[in-house]
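Residue numbers (my numbering): 16 to 184.
Worksheet for the structure shown next.
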């Protein structure tokens with residue numbers, strides 16, 4: 016469950032940098048009805064302002080779903096940040112997606128992964144704006160997960176801040 020916090024100065028923990036640039040919202044504000052149901056406990060949506068997607072941390076890149084529209088950034092701890100693009104992308108057969116990193120490749124933090132041609136995608140898919148869904152999945156014991164409704168810069172601003180549970184002694 017996400018704790019919404021507007022002042023990061025009051026939060027300590029492990030930041031997960033945003034892989035995208037845009038305006039962050041609760042997942043219930045995503046334009047796709049499926050995502051509005053808030054089925055994932057650690058999910059948010061971002062209205063994309065720029066098409067460049069960066070690796071949020073040192074990770075392995077994996078992709079799934081038609082047109083590789085779901086990106087998995089897998090950290091060595093097992094923590095995974097998933098970025099899911101619109102299901103409508105499947106009908107374009109990869110057009111408008113320019114891969115900058117190979118799938119299954121190990122990436123350094125901030126490595127460019129994918130360039131979306133936002134203008135082309137919005138025109139072809141008849142969308143005013145393009146959104147993505149981002150969610151965190153982690154075997155690491157998280158005590159609290161914080162997020163802030165704000166504008167994000169890829170590779171710079173935290174998407175989430177995780178407070179990890181202290182190990183039992």
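Here a beta-carbon is modelled for each residue, glycine too, at the ideal position from N, C-alpha and C.
With a CB to CB cut of under 6 Å and the five nearest residues on each side skipped, what residues in its chain are close to residue i?
i	result
residue 78	86 and 118
residue 62	37, 38, 144 and 146
residue 161	18, 20, 26 and 176
residue 140	103
residue 113	130
residue 172	33
residue 111	132, 135 and 136
residue 75	89 and 121
residue 166	38
residue 153	94
Between the options, which has its C-alpha nearest residue i's C-alpha?
i	options	result
residue 38	169, 120 and 159	169
residue 84	64, 127 and 106	106
residue 164	33, 153, 27 and 28	33
residue 65	122, 35 and 161	35
residue 175	96, 110, 125 and 124	96
residue 142	103, 55 and 88	103
residue 157	22, 31, 80 and 69	31
residue 81	108, 70 and 69	108
residue 101	67, 47, 159 and 152	47
residue 151	22, 138 and 71	71
Looking at residue i and the ligand COA, is the gap between the Cβ and the nearest heavy atom below 7 Å?
i	result
residue 18	This structure lacks the ligand COA, and indeed carries no ligand of any kind.
Count the other C-beta atoms from every protein chain shown that fall within 10 angstroms of the C-beta of residue i, then say buried if there are 16 or more, exposed otherwise.
i	result
residue 45	buried
residue 16	exposed
residue 148	buried
residue 138	exposed
residue 69	buried
residue 49	exposed
In its own chain, which residues sit with a C-beta less than 7 Å from the C-beta of residue i, not counting the 5 before and 5 after it?
i	result
residue 115	127, 128, 129 and 130
Suppose the cutoff is 8 Å on Cβ atoms and the five residues either side in sequence are ignored; what does the same chain contact list for residue i look like?
i	result
residue 73	90, 91, 121, 122, 123 and 124
residue 155	92, 93, 94, 177 and 179
residue 56	16 and 17
residue 40	59, 60, 61, 62 and 164
residue 159	18, 28, 177 and 178
Legend entry - Segments assigned alpha helix (DSSP H), at least 4 residues, entirely inside the segment 85-141: 133-139
Inset, instruction - List in chain order: all unbroken beta strand (DSSP E) runs of 3+ residues lying wholly within the segment 30-59. - result: 36-41
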